[in-house]
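Count along the sequence shown from 1, then add 120; that gives the number in our numbering.
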Amino acid sequence: MHRSEIHRLDPGREYWVPAVVAPHRDWAGAPGCRTGARYLVDRQTFKANRDQFPAFDSQLECLRWIMKNRAYLNRTLPQARVRAVALDRWLLGLE
(Lines of atoms letter the chains of each structure in order from A and count residues from 1; the text may use other names and numbers.)
(Lines give C-alpha, C1' and ligand atoms only; values in the text may rest on other atoms or scores of the structure.)
Protein backbone atom coordinates (compact mmCIF):
# COMPACT_ATOMS: atom_id res chain seq x y z
CA MET A 1 0.00 0.00 0.00
CA HIS A 2 1.20 3.51 -0.73
CA ARG A 3 0.54 6.31 1.74
CA SER A 4 -1.40 8.21 -0.93
CA GLU A 5 -3.95 5.34 -0.96
CA ILE A 6 -4.86 5.55 2.72
CA HIS A 7 -8.16 7.25 1.87
CA ARG A 8 -9.27 3.98 0.20
CA LEU A 9 -9.16 2.04 3.47
CA ASP A 10 -12.39 1.33 5.32
CA PRO A 11 -12.55 3.90 8.16
CA GLY A 12 -14.61 1.51 10.26
CA ARG A 13 -11.82 -1.07 10.47
CA GLU A 14 -8.52 -1.13 12.26
CA TYR A 15 -5.41 -1.85 10.19
CA TRP A 16 -2.04 -2.97 11.49
CA VAL A 17 1.37 -2.14 10.08
CA PRO A 18 4.97 -3.07 10.89
CA ALA A 19 6.77 -0.06 12.36
CA VAL A 20 10.22 0.71 13.68
CA VAL A 21 11.85 3.53 15.65
CA ALA A 22 15.41 4.66 14.91
CA PRO A 23 17.51 3.61 17.93
CA HIS A 24 20.10 6.34 17.41
CA ARG A 25 21.09 9.25 15.18
CA ASP A 26 22.25 8.36 11.66
CA TRP A 27 21.06 4.78 12.13
CA ALA A 28 22.10 2.33 9.40
CA GLY A 29 18.43 1.49 8.72
CA ALA A 30 17.73 5.14 7.79
CA PRO A 31 20.96 7.07 7.24
CA GLY A 32 20.73 10.71 8.24
CA CYS A 33 17.81 10.17 10.62
CA ARG A 34 17.48 11.48 14.15
CA THR A 35 17.13 9.35 17.26
CA GLY A 36 13.50 8.29 17.72
CA ALA A 37 12.47 8.85 14.09
CA ARG A 38 9.43 6.69 13.29
CA TYR A 39 9.15 4.60 10.15
CA LEU A 40 6.95 1.98 8.58
CA VAL A 41 8.50 -1.05 6.90
CA ASP A 42 8.37 -1.61 3.15
CA ARG A 43 6.86 -5.01 2.29
CA GLN A 44 9.23 -5.69 -0.61
CA THR A 45 12.56 -4.18 0.48
CA PHE A 46 12.12 -4.65 4.26
CA LYS A 47 13.60 -1.16 4.70
CA ALA A 48 12.38 1.74 6.79
CA ASN A 49 10.25 4.27 4.92
CA ARG A 50 7.17 6.42 5.25
CA ASP A 51 5.43 5.82 1.94
CA GLN A 52 5.22 2.10 1.10
CA PHE A 53 4.01 -0.40 3.69
CA PRO A 54 1.86 -3.48 4.12
CA ALA A 55 -1.46 -3.08 5.93
CA PHE A 56 -2.92 -6.09 7.72
CA ASP A 57 -6.46 -6.72 8.96
CA SER A 58 -5.31 -7.90 12.38
CA GLN A 59 -2.42 -7.53 14.76
CA LEU A 60 -1.85 -11.28 14.56
CA GLU A 61 -1.45 -11.20 10.75
CA CYS A 62 1.05 -8.36 11.08
CA LEU A 63 3.01 -10.20 13.78
CA ARG A 64 3.08 -13.33 11.62
CA TRP A 65 4.53 -11.31 8.73
CA ILE A 66 7.16 -9.82 11.04
CA MET A 67 8.15 -13.26 12.37
CA LYS A 68 8.19 -14.82 8.90
CA ASN A 69 10.53 -12.09 7.64
CA ARG A 70 12.59 -11.45 10.75
CA ALA A 71 15.90 -12.51 9.13
CA TYR A 72 15.46 -9.89 6.39
CA LEU A 73 14.26 -7.30 8.91
CA ASN A 74 17.25 -7.89 11.18
CA ARG A 75 19.58 -7.30 8.23
CA THR A 76 17.93 -4.16 6.87
CA LEU A 77 16.91 -2.68 10.24
CA PRO A 78 19.83 -3.51 12.56
CA GLN A 79 19.56 -2.79 16.29
CA ALA A 80 15.86 -1.91 16.03
CA ARG A 81 12.72 -3.68 17.16
CA VAL A 82 9.99 -4.05 14.54
CA ARG A 83 6.53 -3.87 16.11
CA ALA A 84 2.97 -4.31 14.92
CA VAL A 85 1.12 -1.03 15.47
CA ALA A 86 -2.34 0.26 14.64
CA LEU A 87 -2.07 2.39 11.48
CA ASP A 88 -4.40 5.13 12.74
CA ARG A 89 -2.39 5.52 15.96
CA TRP A 90 0.87 5.58 13.99
CA LEU A 91 -0.43 8.30 11.66
CA LEU A 92 -1.44 10.39 14.68
CA GLY A 93 1.97 9.95 16.29
CA LEU A 94 0.59 7.95 19.21
CA GLU A 95 2.65 4.83 18.41
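For each residue, glycine too, the CB sits at the ideal point set by N, CA and C. Predicted model only: the values in this text are computed from it and were never measured.
Taking the alpha carbon of residue i as the reference point, which residue from the options has its own alpha carbon closest?
| i | options | result |
| --- | --- | --- |
| Gly132 | Thr165, Asp208, Glu215 | Asp208 |
| Ala204 | Thr196, Pro198, Met187, Arg195 | Met187 |
| Val137 | Arg195, Tyr192, Arg163 | Arg163 |
| Asn169 | Gly152, Leu129, Glu181 | Gly152 |
| Asp171 | Ser178, Leu180, Arg158, Leu183 | Arg158 |
| Trp210 | Asn189, Arg154, Asp146, Phe173 | Phe173 |
| Arg195 | Trp147, His122, Arg184 | Trp147 |
Taking residue i and residue j to be in contact with their CB atoms under 8 Å, please state how far apart those CB atoms are, rounded to whole angstroms.
| i | j | result |
| --- | --- | --- |
| Ala220 | Gly149 | An answer regarding residue 220 cannot be provided, because it is not within the stretch 121 to 215 covered by the chain. |
| Phe166 | Tyr135 | That belief does not hold up - the Cβ atoms of Phe166 and Tyr135 are roughly 19 Å apart, past 8 Å. |
| Ala142 | Gly156 | 6 Å |
| Leu212 | Val202 | So it is not a contact: roughly 20 Å between Cβ atoms. |
Classify residue i: buried if its beta carbon has 16 or more other beta carbons within 10 angstroms, exposed otherwise.
| i | result |
| --- | --- |
| Ala197 | Checking the sequence shown, residue 197 turns out to be Leu, not Ala. That one is buried. |
| Leu180 | exposed |
| Leu160 | buried |
ask   = Which full runs of the beta strand (DSSP E) of 3+ residues lie inside the region 121-209, going along the chain?
value = Runs of the beta strand (DSSP E) inside the region 121-209: 136-141, 158-161, 203-206.
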